[in-house]
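There are 2 protein chains.
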Amino acid sequence: MSTNSVVKVSFKEQMLQAREDAIVRTVNRLLAEKGFEAMTVDEVAADVGIAKASLYKHFPSKEDLAAAAMVRVMRRAQDFLSAVPADAAPLDKLKTVARWTIEVQLAGEMPSLPSQNSTLRATLIANRDYMDGLMDLSDRLGGWIEAAQKEGTLNPRLPAIAVLYTLFARACDPVLGFLKAGGQHTDAQIAELVLSTCFDGLNARV
Amino acid sequence: MSTNSVVKVSFKEQMLQAREDAIVRTVNRLLAEKGFEAMTVDEVAADVGIAKASLYKHFPSKEDLAAAAMVRVMRRAQDFLSAVPADAAPLDKLKTVARWTIEVQLAGEMPSLPSQNSTLRATLIANRDYMDGLMDLSDRLGGWIEAAQKEGTLNPRLPAIAVLYTLFARACDPVLGFLKAGGQHTDAQIAELVLSTCFDGLNARV
DNA sequence: GTCTATAATCAGATAGAC
DNA sequence: GTCTATCTGATTATAGAC
Chain A
1 MSTNSVVKVS
11 FKEQMLQARE
21 DAIVRTVNRL
31 LAEKGFEAMT
41 VDEVAADVGI
51 AKASLYKHFP
61 SKEDLAAAAM
71 VRVMRRAQDF
81 LSAVPADAAP
91 LDKLKTVARW
101 TIEVQLAGEM
111 PSLPSQNSTL
121 RATLIANRDY
131 MDGLMDLSDR
141 LGGWIEAAQK
151 EGTLNPRLPA
161 IAVLYTLFAR
171 ACDPVLGFLK
181 AGGQHTDAQI
191 AELVLSTCFD
201 GLNARV
Chain B
1 MSTNSVVKVS
11 FKEQMLQARE
21 DAIVRTVNRL
31 LAEKGFEAMT
41 VDEVAADVGI
51 AKASLYKHFP
61 SKEDLAAAAM
71 VRVMRRAQDF
81 LSAVPADAAP
91 LDKLKTVARW
101 TIEVQLAGEM
111 PSLPSQNSTL
121 RATLIANRDY
131 MDGLMDLSDR
141 LGGWIEAAQK
151 EGTLNPRLPA
161 IAVLYTLFAR
171 ACDPVLGFLK
181 AGGQHTDAQI
191 AELVLSTCFD
201 GLNARV
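Quick look at the structure:
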């Protein structure tokens, strides 16, 4: 093997990786725009600029395309968590992550999947990268939740799992879309409103 | 026209109404179970026990079937609102309605529609009964929201529209399904948890 | 690996007899 | 109005040449 051939292979692999990345980005965008059912594989292929058959060489099914997009957003979330200052207060960490989730959705970059589709669920559960990422996220957020509850800043009477789900649910909160459609508020205002209702609730503060 | 023929017509109309009601109930249940996309018209017809072509004599499209289910649940909501004691505190009225919404969903009776589907949106907006019901609900809830804010029991810094959307969003809160799937809580406990996070927030009470 | 062309299937909607 | 049988279009997935 000459050095040249090694470089060539590496280059090829880079190209392959770049193409797959382009595919996943497109899928991510389309899932955010129209959801899983409304997104067609033809559309993905057309947007990426390749033939549909080529797409199926990279990903074996539409479900796997969606899973790849979920892995991508999960990686982004993991990166964000890692960048949160370790010495911040636990409650502030949670708020920062919730705000990030909301901002990603407002930016139209949050893929949305139907939670009922069973074949999609099966594909996600079978996806090692997805499950590992989900576990990692849950563990780290769970740690912050328990810390905030011990500290007394987060309601200790709420089960940690309920808090975790409530935070995850901000990633697909329809209130964001409603308020955005209303056109009466900026994205920043919407984010603060939803963040406030999430942590402070609807009640007046005492 | 003999009296007999009049009775006959009335009887026929009753039968027709009963059949349509059976259809809408089935659609409501299937929409709650699997959502709009996963529900097929074949399935609806089979469950009701009539031919698909007969279904299309009653409702011109799948979208109209879904709209009829939404009108039905809206009517139920209107009836519930009317039954709320007029002399109750505004905040309690809102909590009661939120709890009802949550309970309907937990009971598997809340139809869920994709908010992105544009043809479905068009059908809903064109449906007079649906729009009238939605307006009526929004008006009455809006009145309670403003009253609660004036009273100082509901956060006055939140736009009323944001509060309204937040309450509506409880009708499709994925947290309910997550907690239910976890199997660690009863329906009543889940309802109280979600209701608490909605009104009190995640923060510890001061 | 990428393409064109096509298979295979499924679901919404309709024709036409009764 | 209800039925059986069918149409139509859309969509996932694949075959086979290059």
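If you read the protein sequences in the order shown, they are chains A and B.
Going by this note's numbering, 60 is the number at position 60 of the first sequence; the sequence numbering is gapless.
Going by this note's numbering, 184 is the number at position 184 of the second sequence; the sequence numbering is gapless.
A virtual CB, placed ideally from N, CA and C, is assigned to each residue, including glycine.
Every value quoted in this text rests on a predicted model; they were computed, and no experiment measured them.
8 Å Cβ shell around residue i - same chain, five flanking residues per side excluded
i	result
Gly35 (chain A)	Ser112, Leu113, Pro114
Ala51 (chain A)	Ala45
Beta-carbon gap between residue i and residue j smaller than 8 Å
i	j	result
Leu141 (chain B)	Leu167 (chain B)	yes
Val41 (chain B)	Thr26 (chain B)	no
Glu151 (chain A)	Pro85 (chain A)	no
Ala171 (chain B)	Leu94 (chain B)	no
Ile125 (chain A)	Leu176 (chain A)	no
Val215 (chain A)	Met110 (chain A)	The structure shown does not extend to residue 215 (chain A), since chain A is modelled only from 1 to 206, so the question has no answer here.
Asn155 (chain B)	Arg205 (chain A)	yes
Ala169 (chain B)	Asp200 (chain A)	no
Ile190 (chain A)	Leu81 (chain A)	no
Gly212 (chain B)	Glu20 (chain B)	Any answer about residue 212 (chain B) is impossible in this case: the structure gives chain B only from 1 up to 206.
Thr197 (chain A)	Asn203 (chain B)	no
Asn28 (chain B)	Ala88 (chain B)	no
Glu192 (chain A)	Glu37 (chain B)	no
Any C-beta of chain B under 8 Å from that of residue i
i	result
Thr197 (chain A)	yes
Glu127 (chain A)	Just to set this straight, residue 127 (chain A) is Asn in the shown sequence, not Glu. Answer no: the Cβ-Cβ gap between Asn127 (chain A) and chain B never drops below 8 Å.
Thr3 (chain A)	Model confidence at Thr3 (chain A) stands at a pLDDT of 48, short of 50, so the residue's coordinates are unreliable and nothing is read from them.
Thr186 (chain A)	no
Pro156 (chain A)	yes
Lys34 (chain A)	yes
Arg208 (chain A)	In the structure as shown, chain A starts at 1 and stops at 206, and residue 208 (chain A) therefore has no counterpart that could be examined.
Arg205 (chain A)	yes
Val163 (chain A)	yes
Gly201 (chain A)	yes
Gly152 (chain A)	yes
Leu81 (chain A)	no
Leu65 (chain A)	no
Thr96 (chain A)	no
Thr166 (chain A)	yes
Leu16 (chain A)	no
C-beta neighbour in chain A for residue i, strict 8 Å
i	result
Gln116 (chain B)	yes
Ala53 (chain B)	no
Gly183 (chain B)	no
Glu37 (chain B)	yes
Gly177 (chain B)	yes
Thr40 (chain B)	no
Asp173 (chain B)	yes
Leu193 (chain B)	yes
Glu20 (chain B)	no
heavy atom of the ligand MG below 7 Å from residue i C-beta
i	result
Val48 (chain A)	This structure lacks the ligand MG; in fact it carries no ligand of any kind.
7 Å Cβ shell around residue i - same chain, five flanking residues per side excluded
i	result
Met1 (chain B)	Low confidence applies here, because Met1 (chain B) scores a pLDDT of 45, under 50, leaving its location unreliable; read the following figure in that light. Excluding residues within five positions, none has a Cβ falling inside 7 Å.
Gln78 (chain A)	Gly133, Asp136, Leu137
Thr119 (chain A)	Glu63
Met39 (chain B)	Leu30, Leu31
Asn4 (chain B)	The predicted model places Asn4 (chain B) with a pLDDT of 49, which falls under 50 and marks its position as unreliable, so this point remains unresolved.
Ala67 (chain B)	Thr123, Leu124, Asn127, Tyr130
Arg75 (chain A)	Gly133
Endpoints, the alpha helix (DSSP H) within which residue i is located
i	result
Val97 (chain A)	90-106
Ala86 (chain A)	No alpha helix (DSSP H) contains Ala86 (chain A), which DSSP labels as neither H nor E.
Asp173 (chain A)	Here Asp173 (chain A) belongs to no alpha helix (DSSP H), and DSSP marks it neither H nor E.
Leu158 (chain B)	Note, Leu158 (chain B): premise wrong, no alpha helix (DSSP H); not H, not E.
Glu151 (chain A)	128-151
Lys192 (chain B)	It should be noted that the sequence gives Glu, not Lys, for residue 192 (chain B). Note, Glu192 (chain B): alpha helix (DSSP H), 187-200.
Cut-off 6 Å between Cβ atoms - residues of its own chain near residue i, not counting five sequence neighbours on either side
i	result
Ile161 (chain A)	none
Asp47 (chain B)	Thr26
Ile145 (chain B)	Ala160, Val163
Leu55 (chain B)	Ala45
Leu179 (chain A)	His185, Ile190
Gly183 (chain A)	none
Ranges of the alpha helix (DSSP H) found wholly within the region 13-84 of chain B, counting only runs of at least 4: 41-48, 52-58, 62-83
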